[in-house]
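In what follows, a single structure is set out as structure tokens and then discussed.
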Amino acid sequence: MPQETDRLKLPLPLGNETVTRESINRIFEKIDAGVATRESILISAGSDLNSYITEGEYYCPTNATAGTLANSPVGVAFHLTIEKHAGVVQTLTTFEPSNLQVFQRNYYVGWGPWKKVPTRDDIEEVKEYTDQKVGEIVIDDASLKNKGIVQLSNAVDGTREDLAATEKAIRDARVAAETNAKNASLPKSGGSLVGDAGVLNLVGSTHVYQSFLPAGVNAGRKGYIGFGTPGGIDLSIANEYGGELIFRDKNGPTTLSDLKSSVSSGKASIAAAITGKGIPTAADASFLTMSNNISSLRTSIKFKSATFPASGGTISPLSFKPLFLLVQSSSYREVGGMIGSVRSNGNIFAWLDESNTLKRSAPVSAIAGISTPESSNFDFSYVEFGERSVNFGVQYYARSNQNSLECFVFGL
6 MPQETDRLKL
16 PLPLGNETVT
26 RESINRIFEK
36 IDAGVATRES
46 ILISAGSDLN
56 SYITEGEYYC
66 PTNATAGTLA
76 NSPVGVAFHL
86 TIEKHAGVVQ
96 TLTTFEPSNL
106 QVFQRNYYVG
116 WGPWKKVPTR
126 DDIEEVKEYT
136 DQKVGEIVID
146 DASLKNKGIV
156 QLSNAVDGTR
166 EDLAATEKAI
176 RDARVAAETN
186 AKNASLPKSG
196 GSLVGDAGVL
206 NLVGSTHVYQ
216 SFLPAGVNAG
226 RKGYIGFGTP
236 GGIDLSIANE
246 YGGELIFRDK
256 NGPTTLSDLK
266 SSVSSGKASI
276 AAAITGKGIP
286 TAADASFLTM
296 SNNISSLRTS
306 IKFKSATFPA
316 SGGTISPLSF
326 KPLFLLVQSS
336 SYREVGGMIG
346 SVRSNGNIFA
356 WLDESNTLKR
366 SAPVSAIAGI
376 STPESSNFDF
386 SYVEFGERSV
396 NFGVQYYARS
406 NQNSLECFVF
416 GL
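Numbering (this note's numbering), first residue to last: 6 to 417.
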């Protein structure tokens with residue numbers, strides 16, 4: 006018996022048979038019969054999509070049928086493609102031309118959840134939103150305290166603190182410094198600069214320091230600045246007389262001990278001030294910890310007011326993050342020739358607490374005059390705090406006469 010191909014069962018030549026036109030024609034007829042058009046299979050009403058794991062194309066032609074199916078992500082007609090991998094993947098595409106939706110999920114041992122595949126419209130919407138947010142970003146100029154935009158400069162003799170040096174400026178400064186140092190340097194063999202300024206000794210080639218001999222050469226060195234250990238990497242400033250290290254400026258002398266004490270006292274004062282603002286900070290905390298705690302303080306409250314129709318609206322854009330909203334309103338309805346027979350007015354407010362949770366005040370009750378109120382209290386129907394906006398709506402009793410809303414936003 007000749008061997009056959011796996012799918013279409015075509016006979017494979019043995020090498021010893023006689024090939025005739027009839028045998029070749031039979032092979033072509035088998036190919037023609039075996040290669041059929043791939044048709045989609047109807048999904049019956051009441052089916053469970055979890056049971057569809059055979060590779061192929063399927064379809065649900067009506068919304069009514071879709072509503073009877075189990076484990077379907079939609080309730081409208083759709084096409085379903087099942088493809089194999091280690092398990093299978095289902096791809097479901099809805100039929101609506103104006104609302105195309107695509108969902109996918111995987112099966113391997115068990116079914117995963119349906120995931121919506123982003124469409125071109127979804128991607129365009131995200132891009133538009135991202136472009137808008139990027140356009141709202143404002144970057145200030147940099148300073149010694151704040152990050153920001155800096156301008157480059159090639160100057161090597163300037164005094165401004167809002168420019169950044171270029172590679173050329175750094176190179177020019179280095180070349181100038183090397184030239185000046187070379188013109189004022191001693192030979193490698195060492196030597197002395199004798200005078201009231203003291204003595205500079207360069208000894209050998211493995212360590213360099215400037216020594217001070219205030220009592221003369223014979224009394225020996227009493228202090229130095231430099232790398233005192235051959236091959237060492239630590240720069241030392243030493244007073245070998247046993248006294249203090251003193252720094253002097255226009256305000257007078259300051260010892261190293263004074264500086265240490267001042268820094269320690271200053272840190273304690275800063276820590277106490279931060280703690281007093283509600284963020285506990287130890288007196289011996291690092292400067293980085295103190296800096297982070299200071300950045301966490303809420304300061305500089307900002308404010309904006311706006312007027313809206315009686316139904317509410319959106320306050321946007323803001324130059325600060327909103328944290329508190331106050332809405333004032335007065336409304337009335339004329340009943341039996343009387344104005345103010347039924348009123349719903351006053352102030353309502355909403356805010357974000359320390360945990361960024363929305364809080365709202367109690368509603369303002371409707372007040373009746375000579376008739377019975379027919380509607381609800383003055384209250385928010387919804388409030389949404391954004392990064393740079395506040396969106397809100399209100400509800401209250403006022404059918405005939407409605408004043409505008411005075412709104413006030415506070416934030417940081």
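Just so it is clear, CB atoms sit at the ideal spot from N, CA and C, and this is done for glycine as well.
Neighbour-count burial assignment, residue i, 16 or more Cβ in a 10 Å radius
| i | result |
| --- | --- |
| Q95 | buried |
| T25 | exposed |
| F252 | exposed |
| A287 | exposed |
| Y63 | buried |
| A355 | buried |
| F83 | buried |
| V435 | Any question about residue 435 goes unanswered here, given that the chain covers just 6 to 417. |
| T99 | buried |
| L250 | exposed |
| I279 | buried |
| I320 | buried |
| L97 | buried |
| V180 | exposed |
| V222 | exposed |
| V332 | buried |
Candidates the options, of which the one nearest residue i by Cα
| i | options | result |
| --- | --- | --- |
| K152 | A75, D167, F292 | D167 |
| N352 | D358, N111, S366 | S366 |
| E141 | T164, L323, V395 | L323 |
| S216 | S269, G271, Y229 | Y229 |
| G248 | L261, A181, E22, D358 | L261 |
| S316 | G225, S274, S334 | S334 |
| E44 | D289, E22, L85 | L85 |
| S270 | A290, G257, D254, R165 | A290 |
| T73 | S52, V414, K89 | S52 |
| P78 | I284, F108, R393, P123 | F108 |
| T59 | K89, G221, R31 | K89 |
Residues near residue i by beta carbon distance below 6 Å, same chain, minus five either side
| i | result |
| --- | --- |
| G416 | K307, F325, K326, P327, L328 |
| Y246 | K227 |
| N159 | T171, K173, A174 |
| S370 | N382 |
| L157 | A169, T171 |
| A178 | V161 |
| A243 | G228, Y229 |
| T50 | According to the sequence shown, residue 50 is Ala rather than Thr. Closer than 6 Å at Cβ, skipping near neighbours: T70, T73. |
Under 8 Å between C-beta atoms of residue i and residue j
| i | j | result |
| --- | --- | --- |
| A277 | M295 | no |
| L410 | F390 | no |
| R57 | I87 | As written in the sequence, residue 57 is Tyr, which differs from the Arg given in the question. Yes, Cβ-Cβ distance for Y57 and I87 is below 8 Å. |
| L54 | A71 | no |
| Q106 | K120 | no |
| L293 | V395 | no |
| I144 | I128 | no |
| D358 | P368 | no |
| V414 | K309 | yes |
| E27 | P16 | no |
| A273 | C412 | no |
Residues near residue i by beta carbon distance below 7 Å, same chain, minus five either side
| i | result |
| --- | --- |
| Y113 | A91, G92 |
| S386 | G398, V399, Q400 |
| G61 | I46, I87 |
| A202 | Any reading at A202 needs caution, since the residue's pLDDT is 49, under 50, leaving its predicted position unreliable; the model's value is listed next. Excluding sequence neighbours, A202 sits near nothing in its chain. |
| P118 | R110 |
| I299 | I279 |
Cut-off 8 Å between Cβ atoms - residues of its own chain near residue i, not counting five sequence neighbours on either side
| i | result |
| --- | --- |
| N68 | G80, V81, A82 |
| P66 | L47, A82 |
| W116 | N55, N76, R110 |
| L240 | I230, G231, F232 |
| T23 | none |
CB contact check: residue i to chain B, cutoff 8 Å
| i | result |
| --- | --- |
| Q95 | Going by chain labels, chain B is absent from the structure shown, which holds only one protein chain. |
* To do: Go through the segment 245-323 residue by residue and report every complete run of the alpha helix (DSSP H) that reaches 4 residues or more, in order.
  => 261-281, 292-300
* Every unbroken beta strand (DSSP E) within the segment 52-97, with a cutoff of 3 residues, ordered by chain -> 61-65, 83-89
* To do: Go through the segment 114-158 residue by residue and report every complete run of the alpha helix (DSSP H) that reaches 4 residues or more, in order.
  => 125-141
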